[in-house]
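Residue numbers (the working numbering): 1 to 315. Here a beta-carbon is modelled for each residue, glycine too, at the ideal position from N, C-alpha and C. Below: the structure, in structure tokens.
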Amino acid sequence: MDVAFSLPRQIRPLLNGDGRLFRQVAQKEKVVVIIGATGTGKSRLSVDLATHFAAEVINSDKMQVYRGLDITTNKITEEERCGVPHHLLGFAHPDSDFSAGNFCAMASVSLKSILGRGKLPIIVGGSNSFVEALADSSFRSKYDCCYLWVDVAMPVLHSFVSDRVDKMVQRGMVEEVRDFFNPNADYSRGIRRAIGVSELDKYFRIESFCDEVTRSRVLAEAIDMIKTNTSKLARRQMEKINRLRRLKGWKVHRLDATEVFRRQDGEADTAWDDLVAGPGAALVSEFLYSLEPLVCGGVKEMRGRAELLAAAATH
């Protein structure tokens with residue numbers, strides 16, 4: 001069932017079909033946060049949830065905040081966004097240094113704007129350091145968060161990442177990065193920190209001065225390094241998520257998407273709905289429509305959780 005979400009600002013009574021009253025508890029404003037390693041399907045889940053709950057997305061990927069290199073940084077396309085508004089995506093100057101502090105400040109502005117329009121904010125991205133910095137700020141005193149973790153078994157994810165890099169090359173990644181090539185560039189700043197930029201540096205430096213065999217070999221080596229470094233990034237991201245759960249006590253809901261990546265075409269889509277999108281929507285519904293019984297005449301009525309969610313969804 002699609003739910004037109006509007007954020008409750010005060011306790012309000014709900015009348016069930018049998019005449020019993022329940023009240024929705026006034027709480028801090030609510031935000032959904034989607035985390036996970038690169039390539040696990042975080043963006044896909046964010047759009048699925050945004051179209052289901054009338055939400056808007058705030059990007060928290062530290063490379064996707066920059067303009068340019070859309071293929072290389074794997075930005076979600078206009079078509080994939082399905083009309084869902086996205087904030088902090090592809091707006092920063094590519095040579096600037098967009099810090100965690102910058103993210104916290106601008107994400108806070110976006111959150112207020114989205115909530116002011118009665119929409120649900122969904123923060124999504126692979127840069128856990130940005131999300132951690134936001135959570136460690138005054139953010140937690142203002143908002144309740146539902147953390148969803150899209151997880152994929154590492155051997156399966158490594159294989160997918162390798163195939164994804166090949167597809168990015170086919171889509172024009174090398175040509176895209178060539179346009180950003182500068183022999184005097186600082187690879188520690190801005191968008192040039194993205195995986196794929198420094199790895200192709202040697203190829204761009206020698207491609208005009210060597211034979212075809214050498215060019216092909218150097219390019220193949222660069223592509224292999226991109227795959228290796230992307231897999232290393234995925235492993236670091238997973239380790240960071242486990243650290244946040246273990247040391248900081250983040251309550252994270254894990255959605256195992258491994259089987260999705262093992263299947264093909266329609267079967268993969270069915271697995272996604274059954275294992276990721278469906279359970280994710282159920283968790284968000286529970287998070288948004290938190291109810292407690294309304295005491296009438298000294299009698300506290302109690303109902304099952306599923307019935308409470310159904311009552312909220314129809315009001």
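Span of the alpha helix (DSSP H) around residue i
i: R354; result: Since the first and last residues shown for the chain are 1 and 315, residue 354 lies out of range.
i: A55; result: No alpha helix (DSSP H) contains A55, which is instead part of the beta strand (DSSP E) from A55 to N59.
i: K112; result: A100 to G116
i: D265; result: D265 to W272
i: L120; result: Per DSSP, L120 belongs to no alpha helix (DSSP H); it is in the beta strand (DSSP E), L120 to V124.
i: R205; result: D201 to I206
i: V252; result: Run containing V252: none in the alpha helix (DSSP H); it sits in the beta strand (DSSP E), V252 to D256.
i: R178; result: M173 to R178
i: L134; result: N128 to L134
i: A189; result: For the sequence presented, residue 189 should be read as Arg rather than Ala. Element bounds for R189: n/a, residue is neither H nor E.
i: R81; result: E78 to R81
Proximal residues to residue i (C-beta, below 8 Å), its chain only, five neighbours per side dropped
i: S129; result: K62, A100 and K240
i: K30; result: L7, L120, Y143, D144, C145, C146, F287 and L288
i: T214; result: I206
i: D186; result: R192
Own chain, CB closer than 6 Å to residue i, minus 5 neighbours either side, in chain order
i: A133; result: A100 and C104
i: H253; result: L148 and L283
i: G19; result: Below a pLDDT of 50, predicted positions are generally treated as unreliable, and G19, at 48, falls in that range; no measurement from the model is reported.
i: A268; result: V260
For residue j and residue i, the rounded distance between their alpha carbons
i: A153; j: S159; result: 10 Å
i: H52; j: V276; result: 14 Å
i: T230; j: V161; result: 7 Å
i: E80; j: R44; result: 8 Å
i: F139; j: V32; result: 13 Å
i: D274; j: Y203; result: 44 Å
i: C82; j: K42; result: 15 Å
i: S96; j: S188; result: 11 Å
i: K322; j: V177; result: Only positions 1 to 315 of the chain appear in the structure, and residue 322 is not among them; the question remains open.
i: V260; j: Q170; result: 23 Å
i: T73; j: S137; result: 27 Å
i: L244; j: S216; result: 42 Å
i: D70; j: E175; result: 12 Å
i: F181; j: V197; result: 8 Å
i: E212; j: I195; result: 25 Å
i: M173; j: I223; result: 10 Å
i: L200; j: P279; result: 40 Å
i: N184; j: Q64; result: 23 Å
Continuous beta strand (DSSP E) stretch holding residue i: start and end
i: K158; result: Residue identity differs from the one stated: residue 158 is His in this sequence, not Lys. From DSSP, H158 is part of no beta strand (DSSP E) but of the alpha helix (DSSP H) over M154 to Q170.
i: D144; result: Y143 to D151
i: I35; result: E29 to I35
i: L288; result: Counting along the chain, L288 falls outside any beta strand (DSSP E), though it belongs to the alpha helix (DSSP H) covering G278 to L288.
Within 8 Å, strictly: CB atoms of residue i and residue j
i: L255; j: D151; result: yes
i: I122; j: I35; result: no
i: A257; j: T38; result: no
i: V124; j: S208; result: no
i: G68; j: I191; result: yes
i: V165; j: I76; result: no
i: P388; j: Y66; result: Absent from the model: residue 388. The displayed extent of the chain is 1 to 315, so no value can be given.
i: G116; j: Q237; result: no
i: L157; j: T40; result: yes
i: I114; j: E78; result: no
Assumed close pair residue i, residue j - CB separation to whole angstroms, cut-off 8 Å
i: M106; j: L89; result: About 11 Å; that fails the 8 Å criterion.
Beta-carbon contacts of residue i that lie in its chain and below 7 Å, excluding the five residues immediately before and after
i: K112; result: none
i: A281; result: L49 and H52
i: R348; result: Nothing about residue 348 can be read from this structure; the chain reaches only from 1 to 315.
Test: residue i CB closer than 8 Å to a CB of chain C
i: A153; result: Although the question refers to chain C, the structure presented lacks it and comprises just one protein chain.
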